Amino acid sequence: MNYQERITIEPSKKGGRPCIRGMRISVYNVLEMLASGMTEQGILEDFPELETEDIRACLAYAAEREHKALQVSAA
1 MNYQERITIE PSKKGGRPCI RGMRISVYNV LEMLASGMTE QGILEDFPEL ETEDIRACLA
61 YAAEREHKAL QVSAA
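In the working numbering, the protein residues as written are 1 to 75.
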């Protein structure tokens, strides 16, 4: 998935944290909801402005960050 089309970073929003499509919903917020046991459907019901692809973009973003962190620590 090409998360770059959905994940935006704007210094004026959420302190420059990665957010979804310029909204004030951060990647962290979505990941935290998933980690707490919320389903994708539950998130979409609570935040109707989100789309399934937004949630998947958050997961792809987190996976890439983890992968990059592992590469740095292995170097």
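Glycine residues also receive a C-beta, built at the ideal position from the N, C-alpha and C atoms. As the structure is a prediction and not an experimental result, all values here were calculated from the model.
Counting only the Cα atoms, Ser73 lies some 31 Å from Arg24. Annotated three-state conformation of Ser26 is strand, per DSSP. For Thr39, there is no enclosing alpha helix (DSSP H), as DSSP marks it with neither H nor E.
When only Cα atoms are considered, Asn2 and Glu10 end up about 18 Å apart.
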